[in-house]
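Read through the structure below, which is laid out as C-alpha coordinates, and then see the notes.
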Amino acid sequence: MLRILFVCTGNTCRSPMAEGLLRKLAAERNLDLEVRSAGVAAIDGNSMSRHAAAILRDEGVQGDITSSQLKIGHIEWADLVLTLTQSHKRHVLQVHPAAVGKTYTLKEYVQDEESVRRDLEELDSLYAGIELSRTLGREPESEDLQRVIEIRQRIPSGDIVDPFGGSREDYELAAAEIRSSLYRLLDKLESLRLL
(Lines of atoms letter the chains of each structure in order from A; the text may use other names.)
(Lines give C-alpha, C1' and ligand atoms only; values in the text may rest on other atoms or scores of the structure.)
Protein backbone atom coordinates (compact mmCIF):
# COMPACT_ATOMS: atom_id res chain seq x y z
CA MET A 1 0.00 0.00 0.00
CA LEU A 2 1.37 3.39 -1.04
CA ARG A 3 1.49 6.01 1.75
CA ILE A 4 1.10 9.66 0.74
CA LEU A 5 1.60 12.69 2.99
CA PHE A 6 0.33 16.14 2.00
CA VAL A 7 2.02 19.15 3.62
CA CYS A 8 0.89 22.78 3.80
CA THR A 9 1.18 25.54 6.41
CA GLY A 10 -1.54 25.18 9.05
CA ASN A 11 -3.07 21.87 7.92
CA THR A 12 -6.54 23.43 8.01
CA CYS A 13 -7.15 24.31 4.33
CA ARG A 14 -5.17 22.92 1.40
CA SER A 15 -3.58 19.73 2.74
CA PRO A 16 -6.75 18.41 4.42
CA MET A 17 -8.69 19.13 1.22
CA ALA A 18 -6.03 17.21 -0.72
CA GLU A 19 -6.14 14.37 1.82
CA GLY A 20 -9.93 14.07 1.79
CA LEU A 21 -10.28 14.43 -1.98
CA LEU A 22 -7.53 11.89 -2.70
CA ARG A 23 -9.12 9.35 -0.37
CA LYS A 24 -12.43 9.78 -2.17
CA LEU A 25 -10.96 9.63 -5.68
CA ALA A 26 -8.84 6.58 -4.82
CA ALA A 27 -11.88 4.80 -3.37
CA GLU A 28 -13.85 5.54 -6.56
CA ARG A 29 -11.08 3.79 -8.54
CA ASN A 30 -10.76 0.96 -5.99
CA LEU A 31 -7.15 1.94 -5.32
CA ASP A 32 -5.43 0.97 -2.11
CA LEU A 33 -3.48 3.84 -0.58
CA GLU A 34 -3.11 5.51 2.77
CA VAL A 35 -3.25 9.30 2.94
CA ARG A 36 -2.38 11.73 5.73
CA SER A 37 -1.66 15.44 5.99
CA ALA A 38 0.32 17.75 8.24
CA GLY A 39 1.34 21.39 8.46
CA VAL A 40 4.72 23.04 8.91
CA ALA A 41 3.17 25.57 11.32
CA ALA A 42 0.14 23.57 12.46
CA ILE A 43 -1.17 23.16 15.98
CA ASP A 44 -2.21 19.59 16.70
CA GLY A 45 -5.96 19.02 16.87
CA ASN A 46 -7.34 22.14 15.18
CA SER A 47 -10.41 21.71 12.99
CA MET A 48 -10.36 22.40 9.28
CA SER A 49 -11.46 25.85 8.18
CA ARG A 50 -15.22 25.99 7.72
CA HIS A 51 -14.97 26.51 3.95
CA ALA A 52 -12.58 23.57 3.51
CA ALA A 53 -14.86 21.36 5.60
CA ALA A 54 -17.92 22.49 3.60
CA ILE A 55 -16.21 21.73 0.29
CA LEU A 56 -15.28 18.23 1.46
CA ARG A 57 -18.85 17.65 2.69
CA ASP A 58 -20.20 18.81 -0.67
CA GLU A 59 -17.82 16.35 -2.37
CA GLY A 60 -19.17 13.54 -0.21
CA VAL A 61 -15.99 13.12 1.82
CA GLN A 62 -16.80 11.48 5.14
CA GLY A 63 -15.10 12.20 8.45
CA ASP A 64 -13.39 15.15 10.04
CA ILE A 65 -9.71 15.85 9.48
CA THR A 66 -7.91 17.62 12.32
CA SER A 67 -4.56 19.34 12.03
CA SER A 68 -1.20 17.76 12.80
CA GLN A 69 2.13 19.51 13.29
CA LEU A 70 4.63 18.10 10.76
CA LYS A 71 7.09 15.77 12.47
CA ILE A 72 9.99 13.68 11.22
CA GLY A 73 7.86 10.58 11.84
CA HIS A 74 5.29 11.79 9.30
CA ILE A 75 7.99 12.16 6.66
CA GLU A 76 9.55 8.78 7.45
CA TRP A 77 6.11 7.10 7.33
CA ALA A 78 5.39 8.38 3.82
CA ASP A 79 6.44 6.80 0.55
CA LEU A 80 5.62 10.07 -1.19
CA VAL A 81 5.54 13.56 0.36
CA LEU A 82 3.55 16.09 -1.67
CA THR A 83 3.69 19.70 -0.57
CA LEU A 84 1.37 22.49 -1.64
CA THR A 85 4.15 25.06 -2.20
CA GLN A 86 7.87 25.20 -2.92
CA SER A 87 8.50 26.70 0.54
CA HIS A 88 6.79 23.71 2.18
CA LYS A 89 9.00 21.41 0.12
CA ARG A 90 12.13 23.30 1.20
CA HIS A 91 10.99 23.04 4.84
CA VAL A 92 10.52 19.26 4.57
CA LEU A 93 13.96 18.84 3.02
CA GLN A 94 15.60 21.10 5.61
CA VAL A 95 14.22 19.09 8.52
CA HIS A 96 14.72 15.71 6.82
CA PRO A 97 17.27 15.85 3.95
CA ALA A 98 16.98 12.09 3.38
CA ALA A 99 13.48 12.72 1.97
CA VAL A 100 14.92 14.33 -1.17
CA GLY A 101 13.95 11.45 -3.47
CA LYS A 102 10.34 11.32 -2.33
CA THR A 103 9.40 14.97 -1.72
CA TYR A 104 7.83 17.14 -4.41
CA THR A 105 5.22 19.81 -4.72
CA LEU A 106 1.95 18.25 -5.85
CA LYS A 107 2.02 20.25 -9.08
CA GLU A 108 5.62 19.39 -9.92
CA TYR A 109 5.09 15.67 -9.29
CA VAL A 110 2.29 15.55 -11.85
CA GLN A 111 4.17 17.78 -14.32
CA ASP A 112 4.51 16.02 -17.66
CA GLU A 113 6.80 18.38 -19.54
CA GLU A 114 10.29 16.83 -19.62
CA SER A 115 12.23 20.13 -19.74
CA VAL A 116 10.41 21.36 -16.64
CA ARG A 117 11.10 18.08 -14.84
CA ARG A 118 14.83 18.37 -15.64
CA ASP A 119 14.87 21.96 -14.37
CA LEU A 120 13.12 20.91 -11.16
CA GLU A 121 15.62 18.09 -10.59
CA GLU A 122 18.53 20.49 -11.14
CA LEU A 123 16.90 22.99 -8.78
CA ASP A 124 16.62 20.31 -6.07
CA SER A 125 20.29 19.47 -6.50
CA LEU A 126 21.31 23.13 -6.34
CA TYR A 127 19.23 23.71 -3.19
CA ALA A 128 20.81 20.66 -1.55
CA GLY A 129 24.31 21.94 -2.35
CA ILE A 130 23.51 25.44 -1.11
CA GLU A 131 22.04 24.07 2.12
CA LEU A 132 25.10 21.84 2.64
CA SER A 133 27.43 24.81 2.15
CA ARG A 134 25.51 26.84 4.71
CA THR A 135 25.45 23.93 7.15
CA LEU A 136 29.24 23.68 6.84
CA GLY A 137 29.56 27.42 7.50
CA ARG A 138 30.57 28.29 3.94
CA GLU A 139 29.05 30.75 1.53
CA PRO A 140 27.25 29.08 -1.39
CA GLU A 141 28.90 29.43 -4.79
CA SER A 142 27.66 32.55 -6.58
CA GLU A 143 27.27 30.51 -9.79
CA ASP A 144 24.87 28.17 -7.97
CA LEU A 145 22.82 31.08 -6.64
CA GLN A 146 22.66 32.64 -10.11
CA ARG A 147 21.60 29.30 -11.64
CA VAL A 148 18.77 29.00 -9.07
CA ILE A 149 17.50 32.44 -10.13
CA GLU A 150 17.66 31.50 -13.83
CA ILE A 151 15.74 28.26 -13.34
CA ARG A 152 13.11 29.76 -11.03
CA GLN A 153 12.35 32.47 -13.59
CA ARG A 154 11.52 29.97 -16.33
CA ILE A 155 9.63 27.21 -14.53
CA PRO A 156 5.90 27.47 -13.83
CA SER A 157 4.84 27.98 -10.23
CA GLY A 158 4.53 24.77 -8.26
CA ASP A 159 2.40 26.50 -5.64
CA ILE A 160 -1.29 26.16 -4.91
CA VAL A 161 -2.47 29.49 -3.51
CA ASP A 162 -3.46 29.50 0.15
CA PRO A 163 -7.16 30.36 0.55
CA PHE A 164 -6.80 30.87 4.33
CA GLY A 165 -8.98 33.76 5.47
CA GLY A 166 -10.56 34.08 2.03
CA SER A 167 -14.05 33.62 0.68
CA ARG A 168 -15.77 30.36 -0.19
CA GLU A 169 -14.88 31.13 -3.81
CA ASP A 170 -11.16 31.29 -2.90
CA TYR A 171 -11.47 27.83 -1.35
CA GLU A 172 -13.37 26.53 -4.39
CA LEU A 173 -10.55 27.74 -6.66
CA ALA A 174 -7.90 26.07 -4.49
CA ALA A 175 -9.96 22.86 -4.34
CA ALA A 176 -10.36 22.85 -8.13
CA GLU A 177 -6.61 23.23 -8.60
CA ILE A 178 -5.96 20.45 -6.09
CA ARG A 179 -8.59 18.16 -7.65
CA SER A 180 -7.12 18.63 -11.13
CA SER A 181 -3.67 17.70 -9.84
CA LEU A 182 -5.06 14.68 -7.96
CA TYR A 183 -6.60 13.24 -11.12
CA ARG A 184 -3.20 13.52 -12.79
CA LEU A 185 -1.54 12.06 -9.70
CA LEU A 186 -3.71 8.94 -9.74
CA ASP A 187 -3.20 8.52 -13.48
CA LYS A 188 0.56 8.78 -13.00
CA LEU A 189 0.67 6.37 -10.06
CA GLU A 190 -1.42 3.85 -11.98
CA SER A 191 0.78 4.16 -15.09
CA LEU A 192 3.90 3.65 -12.94
CA ARG A 193 2.14 0.64 -11.36
CA LEU A 194 2.62 2.09 -7.90
CA LEU A 195 -1.01 1.31 -7.03
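Read the sequence shown against the UniProt record's numbering and you will find it ends at 195, with the numbers running on by one and no gaps.
In this text, a Cβ means the ideal position worked out from N, Cα and C, and glycines have one as well.
These figures come from a predicted structure and were not determined experimentally.
- Taking 4 residues as the shortest admissible run, the region 48-114 contains the following complete alpha helix (DSSP H) segments, listed from N- to C-terminal end: 50-58, 72-77, 86-95 and 106-109.
- When DSSP states are grouped into helix, strand and coil, Ile43 belongs to the coil group.
- Between the C-alpha atoms of Glu113 and Asp159 there is a straight-line separation of about 17 Å.
- Leu126 has no beta-bridge partner at all, per DSSP.
- With a cutoff of 8 Å on beta-carbon distance, Ser181 and Val110 are scored as near each other.
- Taking each of Pro97, His88, Lys102 and Thr85 in turn and checking the Cα distance to Ala78, the smallest one comes out for Lys102.
- In the structure shown, the three-state DSSP call for Glu141 is coil.
- According to DSSP, residue pairing for Ala38 in a beta bridge involves Val7.
- Judged by pairs of C-beta atoms under 8 Å, the region 131-145 does not touch the region 49-69, as fewer than three such pairs exist.
- Exclusion of the five residues before and after Arg184 leaves Val110 as the residues of its chain whose Cβ lies within less than 6 Å of its Cβ.
- Beyond the five residues adjoining it in sequence on each side, Lys188 comes within less than 8 Å, by CB distance, of Tyr109 and Val110 in the same chain, given in chain order.
- Classified as exposed, Lys71 has fewer than 16 neighbouring CB atoms from the shown chains inside 10 Å of its CB.
- Arg29 sits exposed, since fewer than 16 C-beta atoms from the chains shown fall within 10 Å of its C-beta.
- In the structure shown, Leu189 adopts helical secondary structure according to DSSP, grouped into three states.
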